[in-house]
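Going by my numbering, the letters in the sequence shown line up with residues 1 to 78, in that order.
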Amino acid sequence: GGQVLVNAGRDMNLRPGTMLIVSSVVKEVTDPETGAKLGVIEAPRGEIRIEQVQEKFSTARVVAGTVPKRGDLLRLKQ
């Protein structure tokens, strides 16, 4: 039903109403000579809003886009 569990809560200063942007990692970029990880290429998936906050996890609701998958990245919406 669009409900999402987030593995961050009060321990990460989340509060009800916080908006998060969801993205998926499309590709990890590495240096071809050294093999060092340079970063990732991401694809936006949508936005979620935190509804309830516990000490180490929160529940959220999808407000735009698709339901996040395990391993998707979350960032605070500015």
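C-beta atoms are modelled at their ideal positions from N, C-alpha and C, and glycine is treated no differently.
Are the beta-carbon atoms of residue i and residue j separated by less than 8 Å?
i	j	result
PRO68	ARG45	yes
ALA43	VAL22	no
GLY9	GLN54	yes
So, for residue i: in the same chain, excluding its five sequence neighbours on each side, which residues have a beta-carbon less than 6 Å away from its beta-carbon?
i	result
GLN52	THR59
What is the rounded straight-line gap between the Cα of residue i and the Cα of residue j?
i	j	result
LEU20	VAL62	10 Å
VAL40	GLY65	21 Å
LEU5	PHE57	7 Å
Tell me residue i's beta-bridge partners as DSSP assigns them.
i	result
VAL63	DSSP, once it has assigned bridges, lists no residue as partnering VAL63.
Would you give the residue range spanned by the beta strand (DSSP E) that residue i belongs to?
i	result
PRO44	37-53
Leaving aside the five residues before and after residue i along the sequence, list all residues of the same chain whose C-beta is less than 8 Å from its C-beta, in chain order.
i	result
LEU14	VAL6, ALA8, ILE50, VAL53 and SER58
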